[in-house]
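There are 2 protein chains.
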Amino acid sequence: MLSGAFSFSLGATDGAARCGVISTPRGDIATPAFMPVGTAGTVKAMLPDHVRATGADIVLGNTYHLMLRPGAERVAALGGLHTFMNWPRPILTDSGGFQVMSLSKLRKLTEEGVSFQSHIDGSKHMLTPERSIEIQCLLGADIQMQLDECPAIPIAEDAARESMLLSARWAARSKAAFEETSAPGQALFGIVQGANYETLRRESLDKLMEIGFPGYAIGGLAVGEGRDEMFRVLDFTCPHMPREKPRYLMGVGKPADIVGAVARGVDMFDCVAPTRSGRHGQAWTRSGPVNIKNAQFADDPTPLDPASDCPASRDYSKAYLHHLFRAGEYLGPMLLTWHNLQYYQDLMAGLRTAIAAGSLADFIAGFKAETGETVV
Amino acid sequence: MLSGAFSFSLGATDGAARCGVISTPRGDIATPAFMPVGTAGTVKAMLPDHVRATGADIVLGNTYHLMLRPGAERVAALGGLHTFMNWPRPILTDSGGFQVMSLSKLRKLTEEGVSFQSHIDGSKHMLTPERSIEIQCLLGADIQMQLDECPAIPIAEDAARESMLLSARWAARSKAAFEETSAPGQALFGIVQGANYETLRRESLDKLMEIGFPGYAIGGLAVGEGRDEMFRVLDFTCPHMPREKPRYLMGVGKPADIVGAVARGVDMFDCVAPTRSGRHGQAWTRSGPVNIKNAQFADDPTPLDPASDCPASRDYSKAYLHHLFRAGEYLGPMLLTWHNLQYYQDLMAGLRTAIAAGSLADFIAGFKAETGETVV
């Protein structure tokens with residue numbers, strides 16, 4: 012049996028940026044942390060051992076996908092998501108709400124929840140705050156997320172407030188359900204909404220803190236508002252979030268998004284960018300992104316990163332990777348996904364080291380010099 | 012620099028079956044050996060470290076695919092195929108002839124060779140015995156194959172003899188070219204043809220032995236003639252092949268084909284079966300093949316082989332593998348290919364152990380009891 016409680020220990024800080032450790036019965040998570048996305052019970056094109064070898068302490072699973080296929084009750088009968096996907100370490104699951112709204116058909120939002128048809132087979136489902144928690148508990152997620160509504164930006168302030176208030180009511184219902192159903196050591200995070208309105212973000216945060224959660228996410232960003240606007244929202248939201256609780260910026264992002272958000276006090280991230288881009292031939296490198304399918308790499312004998320400990324970054328030439336993508340070989344997405352996840356985890360490790368050393372400004376200056384990206 | 016010569020050392024025998032070791036400058040190959048197929052410079056959906064971990068001593072590369080993409084001259088400029096694909100151990104390449112005839116467009120066979128158009132981009136090429144050897148030397152293959160013609164069975168005896176005689180003339184030209192171009196320690200094998208005619212197989216073998224090769228392949232089988240007919244051809248061909256040279260049955264086969272051919276004195280095999288089947292959801296197991304996509308596996312918590320040392324066979328439930336294939340995830344083909352290659356290498360290791368112990372008959376009886384397949 013697993014034992015131990017969920018906790019967050021704040022470590023070194025550098026300006027608004029923080030290091031810390033989230034402890035769970037399944038292991039610790041060093042923050043700032045990047046969580047690779049394992050949508051359907053697998054970080055696409057990756058073996059779990061290699062996900063771990065990149066330095067990932069935790070992966071994310073998608074409730075929407077898993078509830079539809081293979082089904083939460085089935086995963087539970089098979090021993091839970093950790094056993095199912097052969098990943099014994101912490102797993103965070105989202106609530107399913109975001110993907111219901113973006114992927115499903117004939118969805119209908121009410122106070123009760125969201126009814127929808129599966130994008131896979133057209134079957135009808137209802138996702139409520141209570142059902143989302145039930146599913147996340149069946150999966151056995153260590154960190155669970157409240158059901159919320161996540162409107163696009165721009166949105167009128169009235170509509171944004173109405174949506175935020177619905178999410179806040181769902182937060183309370185989620186917590187009540189979680190207290191009924193969850194196992195010891197599991198945690199439920201609330202999600203701050205309010206689009207890009209400072210007053211709404213503050214109001215949302217106040218309501219969530221009144222309910223009380225062991226961690227707070229910032230939702231409703233990275234939905235098309237642009238990096239500067241996202242940073243502006245973080246600038247007026249993060250300072251009010253509880254210092255002693257982890258802060259999770261959902262669905263973010265590209266390396267520059269992450270560096271800028273860490274500088275503003277965010278602790279946790281998830282994004283499909285490294286895995287999705289890897290499958291499509293885009294590699295992140297210390298000098299910025301490269302598209303390995305470009306003809307310029309056909310005869311390039313150098314690896315993506317000769318100094319890396321990661322076999323995918325070190326042991327294969329760009330010419331070979333180029334060939335694999337041109338020939339449509341599985342190994343291309345496998346190696347580029349692995350490389351990108353290593354790049355992301357190295358970035359997080361570099362941020363943690365810099366914060367601990369009080370040298371985040373130097374790190375950010377170096378990041379800008381290498382990539383050309385301005386993040387503060 | 013690599014050093015050492017190519018040699019074959021015959022070890023224990025059991026009836027017609029033989030154990031042995033092929034030595035090359037890049038490492039030894041324990042026989043009977045199965046060579047995973049790395050068509051386009053990658054054993055599909057496999058990392059080279061994992062190919063090695065299954066027990067493979069050698070992989071096969073396809074001259075036809077590699078000459079068209081990325082191109083033999085390019086691979087040579089990048090350091091050769093071993094460096095290119097990050098496989099430092101022995102590689103055997105075929106001549107390209109078989110796939111020119113099965114895959115290319117507008118092919119035309121003459122005494123000189125085969126002219127054809129690429130199936131990828133329609134570009135025009137000419138493959139002669141000399142060009143095939145040139146390509147195989149550019150790739151840096153440790154074991155190279157003569158260009159041959161490989162007619163389907165059934166074929167009239169006159170036509171089969173004419174084709175076999177062409178292959179024999181090409182064998183002589185291949186050897187002359189190889190002696191000009193090859194590096195120390197590389198070896199060229201001749202290929203016995205003659206369809207399913209005993210007199211033609213004998214005539215082919217005699218002509219090849221007159222030219223003289225360090226190894227002899229049996230070509231033109233597994234082309235639709237059926238297992239019994241293939242075994243009949245082996246029965247009248249193998250006994251006349253030189254005892255002190257390795258014997259390679261090209262393009263074979265399923266496990267029962269291999270067990271039956273080993274019992275008849277064959278030392279080397281290659282086949283796309285384990286990799287191709289793995290990508291399509293078919294797994295070989297000790298109790299025969301299973302299609303993991305079948306609904307019966309949706310809730311099956313057992314792995315494909317709990318006693319295996321191979322992570323793919325041991326650490327993932329059939330239910331999970333079923334889910335991965337249903338969801339179209341990369342990890343499904345990755346794990347099933349790995350499992351199948353492990354199954355094949357375990358089969359070869361079992362055959363070698365049985366031959367060394369003089370207990371091949373027991374091994375074959377056990378194989379029949381487990382799989383229902385009769386092979387002798």
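Residue numbers (the numbering used here), protein chains in the order written: chain A, 12 to 387; chain B, 12 to 387. Glycine included, every Cβ here is placed at the ideal spot set by N, Cα and C.
Close-in-space but distant-in-sequence residues of the same chain around residue i (CB under 6 Å, 5 per side omitted)
i, result
"residue 8(A)", "This structure does not reach residue 8(A), given that chain A is present from 12 up to 387, and the question cannot be answered."
"residue 342(B)", "335"
"residue 87(B)", "149"
"residue 345(A)", "56"
"residue 135(A)", "128"
"residue 218(A)", "179"
"residue 304(B)", "292 and 336"
"residue 384(A)", "267"
"residue 355(B)", "45 and 285"
"residue 161(B)", "109, 230 and 231"
"residue 15(B)", "36 and 196"
Through-space distance from residue j to residue i, alpha-carbon basis
i, j, result
"residue 389(A)", "residue 239(A)", "Since the first residue shown for chain A is 12 and the last is 387, residue 389(A) is missing from the structure and cannot be characterised."
"residue 60(B)", "residue 168(B)", "46 Å"
"residue 46(B)", "residue 294(B)", "18 Å"
"residue 270(B)", "residue 363(B)", "11 Å"
"residue 259(B)", "residue 297(B)", "25 Å"
"residue 241(A)", "residue 216(A)", "17 Å"
"residue 251(B)", "residue 44(B)", "21 Å"
"residue 279(A)", "residue 42(A)", "7 Å"
"residue 141(A)", "residue 195(A)", "18 Å"
"residue 52(B)", "residue 72(B)", "6 Å"
"residue 209(A)", "residue 353(A)", "35 Å"
"residue 105(A)", "residue 125(A)", "15 Å"
"residue 189(B)", "residue 139(B)", "13 Å"
"residue 159(B)", "residue 39(B)", "27 Å"
"residue 113(A)", "residue 286(A)", "19 Å"
"residue 311(B)", "residue 330(B)", "5 Å"
"residue 93(B)", "residue 193(B)", "16 Å"
"residue 22(B)", "residue 151(A)", "55 Å"
"residue 164(A)", "residue 236(A)", "6 Å"
"residue 187(A)", "residue 382(A)", "46 Å"
"residue 368(B)", "residue 222(B)", "36 Å"
Opening and closing residue of the alpha helix (DSSP H) in which residue i lies
i, result
"residue 271(A)", "266 to 274"
"residue 17(B)", "Neither: residue 17(B) is in no alpha helix (DSSP H) and is coded neither H nor E."
"residue 343(A)", "342 to 368"
"residue 87(A)", "83 to 88"
"residue 99(A)", "Residue 99(A) -> no alpha helix (DSSP H), and no H or E assigned at all."
"residue 373(B)", "371 to 382"
"residue 300(B)", "No alpha helix (DSSP H) contains residue 300(B), which is instead part of the beta strand (DSSP E) from 299 to 302."
"residue 56(B)", "Taken as a continuous stretch (DSSP letters only), residue 56(B) belongs to no alpha helix (DSSP H), as it is neither H nor E."
"residue 294(A)", "That residue, residue 294(A), is in no alpha helix (DSSP H); its beta strand (DSSP E) goes 293 to 296."
Close beta carbons around residue i, own chain, < 7 Å, minus the five adjacent residues each side
i, result
"residue 404(A)", "This structure leaves residue 404(A) out entirely; chain A is present only between 12 and 387."
"residue 70(B)", "46, 47, 49, 54, 62, 98 and 102"
"residue 375(B)", "270, 274, 386 and 387"
"residue 325(B)", "314, 316, 317 and 319"
"residue 327(A)", "314 and 346"
"residue 302(A)", "292 and 293"
Beta strand (DSSP E) segment containing residue i, residue limits
i, result
"residue 321(A)", "Unbroken run through residue 321(A): none, as it is neither H nor E."
"residue 29(A)", "28 to 35"
"residue 229(A)", "227 to 229"
"residue 259(A)", "258 to 260"
"residue 72(B)", "70 to 72"
"residue 47(A)", "44 to 49"
"residue 118(B)", "116 to 120"
"residue 280(B)", "279 to 282"
Within 8 Å, strictly: CB atoms of residue i and residue j
i, j, result
"residue 81(B)", "residue 37(B)", "no"
"residue 199(B)", "residue 185(B)", "yes"
"residue 282(B)", "residue 299(B)", "no"
"residue 29(A)", "residue 361(A)", "no"
"residue 35(A)", "residue 153(A)", "yes"
"residue 202(B)", "residue 156(B)", "yes"
"residue 226(A)", "residue 171(A)", "no"
"residue 366(A)", "residue 24(A)", "yes"
Any non-hydrogen atom of the ligand SAH closer than 7 Å to residue i Cβ
i, result
"residue 254(B)", "In terms of ligand content, the structure shown is empty, and the ligand SAH therefore cannot be addressed."
| field | Inside the stretch 127 to 167 of chain B only - alpha helix (DSSP H) runs reaching at least 4 residues | value | Here the runs fully enclosed are 140 to 150.
| Every unbroken alpha helix (DSSP H) within the stretch 190 to 256 of chain A, with a cutoff of 4 residues, ordered by chain | Listed in chain order, the alpha helix (DSSP H) runs fully inside the stretch 190 to 256 of chain A are 209 to 222 and 238 to 248, counting runs of at least 4 residues.
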